[in-house]
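Colleague:
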Amino acid sequence: MSVAVKLLVMFLVFAGAAITIFLAVAYSTHLPVSEQHDVQQRGYAIRGRWFLALVLFLIASFAISIPFYPYMSAPAALAPARKVPVIAEQYAFIMASHLPVDKPIIFEVTSRDVNHDFGIYNPRGHLIAQVQAMPDYTNYLRVIFHKPGQYTARCLEYCGIGHAIMAKTFTVGGKQ
Amino acid sequence: MMPTSDNTGRRVMVLYMGTGLALTASMMFAGLMLRASQAGWMPMSPGQFYAVLTLHGAVVIVALMLCGMGGLWFLMRRQTSLSVAAAVIAYACIAAGAAAVIAATLFGGFAGLYTFLAPLPFHGSWPYWSTGAFLIGMTLITIGWMAWCMQMLGAVLRAYGGALGALAWDFVWHRKAFDASGRPLPPPEALPVLMAGFDGMLAGMSAMLLGVALIVRWLDARVLINPLWAKNLTYFFAHTYANLIIYMLAALIYVGLPYATGRKYHTSAALVVGWWCSMVLTLTNYFHHLYMDFVQPGPFQYLGELSSYLSAVPVTVVTIFSALMLVWRSGMKWTLGAIFMYTGLIGWVVGGIGAEIDATVPFNVHLHNTLWVPAHFHTYLVGGCVLFAVGWVFLCLESRSIRRTRILVRWVVGLLTFGGMAVFLMGFYCAGAYGVPRRYAIEPAPGPELAKIASIGAAVMIIGFALAFAEGVRLRFGYPEGEATIRMTQEVEA
Ligand SMILES: [Cu+2]
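Next comes the structure, spelled out in structure tokens:
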């Protein structure tokens, strides 16, 4: 399953569960009417459990997500890597056109004019990594390309009328 | 709730909500044009596309803000006296600002987007005056917004005995002493007012700071603005505005659903604590807009994710859960007002789920600035905020009209509006998951194909809303004659 399908399935499962609950509650208005007092007594008990379950789920999700953060750790920053400068400007990326496969690469991304975003799409068109390109700052993005082929960098921060044509293709692997 | 003798209060609400809903309706057509253009069905140059996109974003925020402001103003006026002049002045500032924004985008072609992320407004292909007109317009809107916030803050502080009283502090911590003191307890709808007033002032201050800095830069090109500072301020105020809109309109549920279900809704300790949490979390959530800024201080990234996650707790445990308890086996009649309000809750939750997925840093790598972002906020704006406002209007109409909406009309309106909306929104979600960037006049595949499906869905949804509008007009002409005479007499006497 691609990342896109996984994200959509996750969204649809959660959204479907929520909508089912809403539909069930909506249907209950056709059942005999209950006293509000009785509804509240049962409701508050369910609410307490929902509160606990939700808080635990959210904190666990937060903890699980931390190791997958894209920010470079100090050892990774110091380890040997190919440094690739990327300069973004309206409406182009100035960077190398050929990059090695299976080698750590650190993109040094900055901008000459306005805010841009350096988004890398793999040969199948999936967005695999990105970082903002800002004037006055340099963002370091560490990537290892495992598959050779033609990649496309697209701008993912609106930067003016030519934003949609701001792209740069580069090849990974093959002959140097 | 609805039967009220406060005709002045109602007229202020009608002014705000009428303007808000009229602007929202026109922006739905603008949005449909944008999607149709991406589908390749409507020729637009990139310059036109981005100018309309700028207009669409800025005006929708202002329009829904006006709906929430008018609704809360009306609700607060039932609690305490409010100056009509102050409300009209705030409205005039916002209307003038909106006019400047419309002129800057439609006539000046300003296309720096409603976020006007510095330094883009000064590096555009549009005339220099339009940048200034847009910035001054946004500043005027913020001045009107802050004037309203001050009026509402003053009202809640006056009505419930200062800041601690409005926060219901003693009610939570010293319940017995509070009950014995006989001090007034804020009703549920006063808590969103306090939140909008307080968080709204902070957001307004940051918008003013940024707006003035950019206007100075517009006047003198030698001024330097730090882009990371500007980005933090931009997302702080823009995120807070967008969030406050839904919390403000949620106040209408607190009054509308008890009316529709014939049940009571009181302030409880859980409700109060829930709103305290929302007040704080709404201010720290904006960090999730800067996940892909690796130069942003690291702790903020972790705080952004944790805070975004935790904001789901007060919303679902307090407001949504209470609403479900109100409806459960209440025998509620499914009038159009009830249908819109209840479905608005679904849009709020589903949009929230989309937001939480995007607020997860490892997922944000794949979703940041893709169409997933407009997917989730359209879910809670058009599927939540708009429905709360429209539902409120219908509850008001239904409470006074002698006419009733036929069941067939309710089914047709519901199916067209919500069916069209679901198709329209799924177009965004699917494209976003496949990495199609947002804000592209011309999209890579599968963007254009999905834009076609989404355009059809949006058109069907607009037809549904148009039918609802026609039905609303029919209900409006069904007011009993006696009431109109009474109102006229009151006006003559006043
Ligand atoms: Cu761009």
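Protein chains in written order, with the working numbering: chain A, 839 to 1014; chain B, 92 to 585. C-beta: ideal position from N, C-alpha, C; glycine also.
#1: Buried or exposed for Gly523(B), going by 16 or more other Cβ atoms inside 10 Å?
#2: If you compare alpha carbons, which of Ile999(A), Ala912(A), Arg887(A) and Lys985(A) is closest to Met212(B)?
#3: Starting from the N-terminal end, write out each residue whose C-beta falls within a distance shorter than 6 Å of any non-hydrogen atom of ligand 1.
#4: If we define contact as Cβ-Cβ less than 8 Å, is Ser297(B) a contact residue for chain A?
#5: Determine the direct distance from the alpha carbon of Arg101(B) to that of Pro94(B), and round the result to whole angstroms.
#6: Classify Tyr882(A): buried if its beta carbon has 16 or more other beta carbons within 10 angstroms, exposed otherwise.
#7: Along chain A, in chain order, which residues have C-beta atoms closer than 7 Å to that of Met383(B)?
#8: Which residues does DSSP list as the beta-bridge partners of Gln968(A)?
#9: Any idea which residues DSSP pairs Gln988(A) with across the strands?
#10: According to DSSP, what are the bridge partners of Asn977(A)?
#11: Hey, Leu324(B) and Asn953(A): beta-carbon distance below 8 Å or not?
#12: Can you find a C-beta in chain B that's less than 8 Å from the C-beta of Gln939(A)?
#13: Are the beta-carbon atoms of Val303(B) and Val314(B) separated by less than 8 Å?
#14: Below 7 Å on C-beta distance, what does Phe852(A) contact in chain B?
#15: Under the three-state reduction of DSSP, which class applies to Ile577(B): helix, strand or coil?
#16: Checking 8 Å against the spacing of the C-beta atoms, do Ser421(B) and Gly474(B) come in under that value?
#17: Mind the definition here: the stretch 148 to 162 of chain B touches the stretch 103 to 110 of chain B only if three or more C-beta pairs lie below 8 Å; say whether that holds.
#18: Determine the extent of the alpha helix (DSSP H) in which Ile554(B) is found, giving its start and end residues.
#19: Hey, is Lys267(B)'s beta-carbon within less than 8 Å of any beta-carbon in chain A?
#20: Any beta carbon of chain B sitting closer than 8 Å to that of Val863(A)?
#21: With DSSP run on the structure shown, which of helix, strand or coil describes Pro212(B)?
#22: Thinking C-alpha only, which one of Phe391(B), Pro539(B) and Arg491(B) is nearest Pro571(B)?
#23: Tell me, to the nearest whole angstrom, how far the beta carbon of Ala195(B) is from that of Phe225(B); I am working on the premise that it is less than 8 Å.
#24: For His459(B), which residues in chain A fall below 8 Å Cβ to Cβ?
#25: Would you kindly check if the distance between the Cβ of Gly569(B) and the Cβ of Thr508(B) is under 8 Å?
#26: What is the rounded straight-line gap between the Cα of Asn460(B) and the Cα of Lys355(B)?
#27: So, using beta-carbon positions, are Arg494(B) and Leu427(B) closer together than 8 Å?
#28: Using a 10 Å radius around the Cβ and a threshold of 16 neighbouring Cβ atoms, would you call Ala585(B) buried or exposed?
#29: Using the C-alpha atoms, what's the distance from Pro137(B) back to Met156(B)?
#30: Skipping 5 residues on each side, what residues in its chain have a beta carbon closer than 8 Å to that of Ala127(B)?
#31: Would you identify the three-state DSSP class for Pro94(B), choosing helix, strand or coil?
#32: Name the residues in the stretch 532 to 547 of chain B whose C-beta lies less than 8 Å from a C-beta of chain A; which are they?
#33: Measuring straight from C-alpha to C-alpha, what distance separates Gly445(B) and His467(B)?
#34: By the three-class DSSP mapping on this structure, what secondary structure does Leu310(B) have?
Modeller: Answer, in terms of the structure:
#1: As a working note, residue 523(B) is residue 432 in the second sequence. Looking at its Cβ environment, which holds 16 or more other Cβ atoms inside 10 Å, Gly523(B) is buried.
#2: For the purposes of this step, residue 212(B) is taken as the residue at position 121 of the second sequence. Note that residue 212(B) is Pro in the sequence shown here, rather than Met. Comparing Cα-Cα distances from Pro212(B) to each of Ile999(A), Ala912(A), Arg887(A) and Lys985(A), the minimum goes to Ile999(A).
#3: His954(A), Cys993(A), Glu995(A), Tyr996(A), Cys997(A), His1001(A) and Met1004(A)
#4: Taking the first residue of the second sequence as 1, we reach residue 297(B) at position 206. Chain A, which has no Cβ nearer than 8 Å to the Cβ of Ser297(B), makes this no.
#5: In the second sequence, the residue the question calls residue 94(B) occupies position 3. In the second sequence, the residue the question calls residue 101(B) occupies position 10. Any reading at Pro94(B) is ruled out, since the residue's pLDDT is 49, under 50, leaving its predicted position unreliable.
#6: Here the question's residue 882(A) lines up with position 44 in the first sequence. Answer is exposed; the Cβ neighbour count stays below 16.
#7: Taking the second sequence and counting its residues from 1, the one referred to as residue 383(B) is at position 292. What Met383(B) touches in chain A: Asp955, Gln968, Val969 and Gln970.
#8: Here the question's residue 968(A) lines up with position 130 in the first sequence. In DSSP, Gln968(A) forms a bridge with Gly957(A).
#9: Here residue 988(A) is taken as the residue at index 150 of the first sequence, counted from 1. Gln988(A) pairs with Thr1009(A).
#10: On the first sequence, position 139 is the one that residue 977(A) refers to. DSSP, once it has assigned bridges, lists Val947(A) as partnering Asn977(A).
#11: For the purposes of this step, residue 324(B) is taken as the residue at position 233 of the second sequence. For the purposes of this step, residue 953(A) is taken as the residue at position 115 of the first sequence. Contact check for Leu324(B) against Asn953(A) fails: the beta carbons are separated by 8 Å or more.
#12: Residue numbering aside, residue 939(A) sits at position 101 when the first sequence is read from its first letter. Before going on, a small fix: residue 939(A) reads as Val here, not Gln. No, Val939(A) does not count as interfacial toward chain B.
#13: Taking the second sequence and counting its residues from 1, the one referred to as residue 303(B) is at position 212. Taking the second sequence and counting its residues from 1, the one referred to as residue 314(B) is at position 223. No, Cβ-Cβ distance for Val303(B) and Val314(B) is not below 8 Å.
#14: One-based indexing of the first sequence puts residue 852(A) at position 14. Per Cβ cutoff of 7 Å: Ile444.
#15: Walking along the second sequence from the start, residue 577(B) turns up at place 486. Residue placement at Ile577(B) is flagged as unreliable, the pLDDT there being 49, under the threshold of 50; the coordinate-derived value follows with that caveat. In this structure, Ile577(B) counts as helix in the three-state DSSP scheme.
#16: For the purposes of this step, residue 421(B) is taken as the residue at position 330 of the second sequence. For the purposes of this step, residue 474(B) is taken as the residue at position 383 of the second sequence. Their beta carbons are not under 8 Å apart, which means Ser421(B) does not touch Gly474(B) by this criterion.
#17: Yes: the two stretches touch, three or more of their Cβ pairs being nearer than 8 Å.
#18: As a position in the second sequence, residue 554(B) is number 463, starting the count at 1. Residues Gly538 to Arg567.
#19: Position 176 of the second sequence, counted from the start, is the residue given in the question as residue 267(B). Judged by the 8 Å Cβ criterion, Lys267(B) is not in contact with chain A.
#20: Locating residue 863(A) in the first sequence gives position 25, where the first residue counts as 1. Yes, contact with chain B.
#21: What you label residue 212(B) is simply residue 121 of the second sequence in a count that begins at 1. Three-state result, Pro212(B): helix.
#22: The residue you call residue 571(B) lines up with position 480 of the second sequence. Comparing Cα positions, the closest option is Arg491(B).
#23: If you number the second sequence from 1, residue 195(B) lands on position 104. If you number the second sequence from 1, residue 225(B) lands on position 134. The beta-carbon distance between Ala195(B) and Phe225(B), rounded to whole angstroms, is 4 Å. This is short enough to meet the 8 Å contact definition.
#24: The residue given as residue 459(B) occupies position 368 in the second sequence. Within 8 Å Cβ-Cβ: Asp955, Gln968 and Leu994.
#25: The residue labelled residue 508(B) in the question sits at position 417 within the second sequence. The residue labelled residue 569(B) in the question sits at position 478 within the second sequence. No; because the gap between Cβ atoms is not below 8 Å, this pair is not in contact.
#26: As a first step, residue 460(B) is located in the second sequence; it is residue number 369 there, counting from the start. As a first step, residue 355(B) is located in the second sequence; it is residue number 264 there, counting from the start. If you take the alpha carbons of Asn460(B) and Lys355(B), they lie about 43 Å apart.
#27: Taking the first residue of the second sequence as 1, we reach residue 494(B) at position 403. Taking the first residue of the second sequence as 1, we reach residue 427(B) at position 336. Result no, Cβ atoms of Arg494(B) and Leu427(B) do not sit closer than 8 Å.
#28: Residue mapping note: residue 585(B) aligns to position 494 of the second sequence, counting from 1. Low confidence applies to Ala585(B): its pLDDT is 39, below 50, so where it sits in the model is not reliable enough to give any reading.
#29: In the second sequence, residue 156(B) corresponds to position 65, counting from 1. In the second sequence, residue 137(B) corresponds to position 46, counting from 1. Whole-angstrom Cα-Cα distance: 28 Å.
#30: The count along the second sequence starts at 1 and reaches residue 127(B) at position 36. These residues qualify, in order along the chain: Met133, Ala542 and Ser546.
#31: Within the second sequence, residue 94(B) is the residue found at index 3, counting from 1. Any reading at Pro94(B) must be qualified, since the residue scores a pLDDT of 49, below 50, and its modelled position is unreliable; the value itself is stated next. Pro94(B) falls in the coil class under three-state DSSP.
#32: Ala532, Ile533, Glu534, Pro535 and Ala536
#33: Locating residue 445(B) in the second sequence gives position 354, counting from the first residue. Locating residue 467(B) in the second sequence gives position 376, counting from the first residue. When rounded, the distance between both Cα atoms is 5 Å.
#34: Indexing the second sequence from 1 puts residue 310(B) at position 219. If DSSP states are grouped into helix, strand and coil, Leu310(B) belongs with the helices.
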